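Numbering (full-length UniProt numbering), first residue to last: 1 to 300. We put the CB at the ideal spot given by N, CA and C, even for glycine. All values derive from a computational prediction rather than experimental measurement. Report on the structure given below.
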Amino acid sequence: MDPEVQLRLPLDVPVEQDLLNQPVFPLIHAIKNDVEERIDASLSWDQLNAVDVNYSIFRPLVFKYAKLRNYAIVYACLVVRTHFIDSASQDLAFAPLKLTRADTCELLALKLLRRFTGNSDNPVDLFSVLTVGWDPLQGCPDSCMSDIREIAGEDIHHGDRISALEIAISSGAKRFIASPLVQTCITDIHNGRVVFSAPATRGSILADNYKQRHVQVYDVHNTPWLDHYRLRVPRYRGIMEFVDFGILLFLFVLCLHNKSFDSINWSEIIFIVFAFGFLLDELTAALEHGWDIYIQNMWN
Numbered sequence: 001m002d003p004e005v006q007l008r009l010p011l012d013v014p015v016e017q018d019l020l021n022q023p024v025f026p027l028i029h030a031i032k033n034d035v036e037e038r039i040d041a042s043l044s045w046d047q048l049n050a051v052d053v054n055y056s057i058f059r060p061l062v063f064k065y066a067k068l069r070n071y072a073i074v075y076a077c078l079v080v081r082t083h084f085i086d087s088a089s090q091d092l093a094f095a096p097l098k099l100t101r102a103d104t105c106e107l108l109a110l111k112l113l114r115r116f117t118g119n120s121d122n123p124v125d126l127f128s129v130l131t132v133g134w135d136p137l138q139g140c141p142d143s144c145m146s147d148i149r150e151i152a153g154e155d156i157h158h159g160d161r162i163s164a165l166e167i168a169i170s171s172g173a174k175r176f177i178a179s180p181l182v183q184t185c186i187t188d189i190h191n192g193r194v195v196f197s198a199p200a201t202r203g204s205i206l207a208d209n210y211k212q213r214h215v216q217v218y219d220v221h222n223t224p225w226l227d228h229y230r231l232r233v234p235r236y237r238g239i240m241e242f243v244d245f246g247i248l249l250f251l252f253v254l255c256l257h258n259k260s261f262d263s264i265n266w267s268e269i270i271f272i273v274f275a276f277g278f279l280l281d282e283l284t285a286a287l288e289h290g291w292d293i294y295i296q297n298m299w300n
């Protein structure tokens, strides 16, 4: 094994083979059917949090799915939530009911996350539930796969892997994201205590998706002195982007000070090279995350 990989083995995270054997496709359909059977009226978020609703609807579901010890349970709840939100926009007559079911899935994901990680002394369980990428077709029977291929019109063997945290952000599950457990995970990822990197699914110029890495808790004692993986830490990337912009601005002012109409000088050459690198970095970010997210970030 590569010594660099040995230094980066995850701490007490289930092995990849165990994660690949956990069913996801049947779990998604089971949650969808349970929510549709139990929620047949439009309720507000406060009404869903009422004591009677909690004991009659949520507690049986939490006990049922917590026994499975399936790391994909929170992901499955958020996938079903996305399904109900999409169907609500297409069926306006039953939109309030479907939005209530979507809120039910979000609240169920919160309760299962607390149940799944609250009884564990290992903090990596929380990070694994939120950051491990899942294939929605994982565990799909062959009969269903043939139907999916007919509908899609192509040979599909697996879907795109995405984590529960990513699908919560993309679907706008604000209450789920604002919960203390999820905020703890996001803060640790931002500060670099937890090393997590999603595989590039868009047009990355230099994608390293062949390096499959689990979520891991950063240990300064077991990592190299010059650790290039620390460049993925959002906090450090923000500092580096600020420094890069400061250097670019300094070179621009220096070019204005040393401008010459006769020939190009050394400051202009350095500025051109640095500006090209800055432009390449911004273009890579736009292609990887999408132009919508890039424009929103630029607006902020």
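Along the alpha helix (DSSP H) that carries residue 250, what are the first and last residues, could you check?
The residue given as residue 250 occupies position 250 in the sequence shown. 234-257 is the extent of the alpha helix (DSSP H) around residue 250.
Quick check on the DSSP output: the alpha helix (DSSP H) that includes residue 64 runs from which residue to which?
Here the question's residue 64 lines up with position 64 in the sequence shown. In this chain, the alpha helix (DSSP H) harbouring residue 64 covers 59-66.
Residue closest to residue 179, alpha-carbon to alpha-carbon, out of 145, 111, 43, 268:
Numbered from its first residue, the sequence shown carries residue 179 at position 179. Considering only alpha carbons, the answer is 111.
Among the residues of its own chain, which have a CB less than 6 Å from the CB of residue 312, if the five just before and after it don't count?
With the chain represented from 1 up to 300, any question about residue 312 goes unanswered, as that position is not in the structure.
Use the C-beta contact count for residue 75: other C-beta atoms within 10 angstroms, 16 or more gives buried, fewer gives exposed.
To locate residue 75, count along the sequence shown from 1; it is residue 75. Burial of residue 75 is indicated by the presence of at least 16 other C-beta atoms within 10 angstroms of its C-beta.
Between residue 168 and the rest of its own chain, which residues show a CB-CB distance below 6 Å, the 5 nearest in sequence each way excluded?
For the purposes of this step, residue 168 is taken as residue 168 along the sequence shown, with counting starting at 1. The beta carbon of residue 168 is closer than 6 Å to those of 78, 176, 177 in its chain, skipping five residues each way along the sequence.
Count the C-beta pairs between the stretch 180-197 and the stretch 91-106 that are closer than 8 Å, then say yes if the count reaches three, no if not.
Taking 8 Å as the limit for Cβ pairs, the verdict is that the stretch 91-106 does not touch the stretch 180-197.
What residue from 62, 96, 93 has the CA that sits closest to residue 116's CA?
Here residue 116 refers to the residue found at position 116 when the sequence shown is read from its first residue. Nearest C-alpha to residue 116: 62.
Can you give me the Cβ contacts of residue 98 inside the same chain, cut-off strictly under 8 Å, excluding the 5 residues immediately before and after it?
Counting from one through the sequence shown, the residue named residue 98 turns up at place 98. Spatial neighbours of residue 98 in its own chain (CB-CB distance under 8 Å, excluding positions within 5 residues in sequence) are listed in chain order as 84, 85, 87, 88, 91.
Tell me residue 347's beta-bridge partners as DSSP assigns them.
Outside the shown range of the chain, which is 1 to 300, sits residue 347, and nothing can be said about it.
Between which two residues does the alpha helix (DSSP H) carrying residue 84 extend?
Reading the sequence shown from its first residue, position 84 is the one you call residue 84. Its alpha helix (DSSP H) spans residues 73-90.
Name the residue from 50, 257, 43, 113 whose alpha carbon lies nearest to the alpha carbon of residue 184.
The residue labelled residue 184 in the question sits at position 184 within the sequence shown. Ranking 50, 257, 43, 113 by Cα distance to residue 184 puts 113 first.
Determine the burial state of residue 239: buried for a count of at least 16 other Cβ atoms within 10 Å of its Cβ, exposed for fewer.
Along the sequence shown, one-based indexing puts residue 239 at 239. It is exposed - the Cβ of residue 239 has fewer than 16 other Cβ atoms within 10 Å.
State the DSSP-derived secondary structure class of residue 182, mapped to helix, strand or coil.
In the sequence shown, residue 182 corresponds to position 182, counting from 1. Three-state DSSP puts residue 182 in a helix.
Alpha carbon of residue 248 to alpha carbon of residue 191, nearest angstrom
In the sequence shown, counting from the first residue as 1, residue 248 sits at position 248. In the sequence shown, counting from the first residue as 1, residue 191 sits at position 191. Taking the straight line from one Cα to the other gives about 26 Å.
Beta-bridge partners of residue 53, as assigned by DSSP
Against the sequence shown, residue 53 aligns to sequence position 53. Answer is none; residue 53 lacks a bridge partner.
Please report whether the beta-carbon of residue 95 lies at a distance below 8 Å from any beta-carbon of chain D.
Although the question refers to chain D, the structure presented lacks it and comprises just one protein chain.
Could you compute how far the alpha carbon of residue 10 sits from the alpha carbon of residue 262?
Taking the sequence shown and counting its residues from 1, the one referred to as residue 10 is at position 10. Taking the sequence shown and counting its residues from 1, the one referred to as residue 262 is at position 262. Any reading at residue 10 must be qualified, since the residue scores a pLDDT of 43, below 50, and its modelled position is unreliable; the value itself is stated next. C-alpha separation (whole angstroms): 59 Å.
Measure the Cβ-Cβ separation of residue 217 and residue 124 and say whether it is below 8 Å.
On the sequence shown, residue 217 is found 217 positions in, with the first residue counted as 1. On the sequence shown, residue 124 is found 124 positions in, with the first residue counted as 1. Going by C-beta atoms, residue 217 is nearer than 8 Å to residue 124.
Do you know how far the Cα of residue 287 is from the Cα of residue 53?
In the sequence shown, residue 53 corresponds to position 53, counting from 1. In the sequence shown, residue 287 corresponds to position 287, counting from 1. Rounded to whole angstroms, residue 53 to residue 287 spans 45 Å at the Cα level.
Look up residue 41 in the DSSP assignment and say whether it is helix, strand or coil.
As a working note, residue 41 is residue 41 in the sequence shown. In the three-state reduction of the DSSP assignment, residue 41 falls in the coil class, being assigned neither a helical nor a strand state.
Put residue 22 into one of helix, strand or coil per three-state DSSP.
As a working note, residue 22 is residue 22 in the sequence shown. In this structure, residue 22 counts as coil in the three-state DSSP scheme.
Apart from the five residues on each side of it in sequence, which residues of its chain come closer than 7 Å, Cβ to Cβ, to residue 34?
As a working mapping, residue 34 is identified with position 34 in the sequence shown. Contacts found: 61.
Determine the DSSP secondary structure at residue 277, reduced to helix, strand or coil.
Your numbering for residue 277 matches position 277 in the sequence shown. In this structure, residue 277 counts as helix in the three-state DSSP scheme.
Run of the alpha helix (DSSP H) containing residue 177, from where it starts to where it stops:
The residue given as residue 177 occupies position 177 in the sequence shown. Segment 174-177, the alpha helix (DSSP H) holding residue 177.
Where does residue 136 land, buried or exposed, given buried means 16+ other C-beta within 10 angstroms?
As a first step, residue 136 must be located in the sequence shown, where it is residue number 136. Here residue 136 is buried: its Cβ has 16 or more other Cβ atoms, across all protein chains shown, within 10 Å.
Can you list, in chain order, the residues of its chain whose CB lies under 6 Å from that of residue 82, leaving out five sequence neighbours each side?
Locating residue 82 in the sequence shown gives position 82, where the first residue counts as 1. So the list reads 171, once near-sequence residues are dropped.
Reduced DSSP secondary structure (H/G/I, E/B, other) of residue 144
Here residue 144 refers to the residue found at position 144 of the sequence shown. Residue 144 falls in the helix class under three-state DSSP.
Put residue 222 into one of helix, strand or coil per three-state DSSP.
As a position in the sequence shown, residue 222 is number 222, starting the count at 1. Here residue 222 sits in helix by DSSP.
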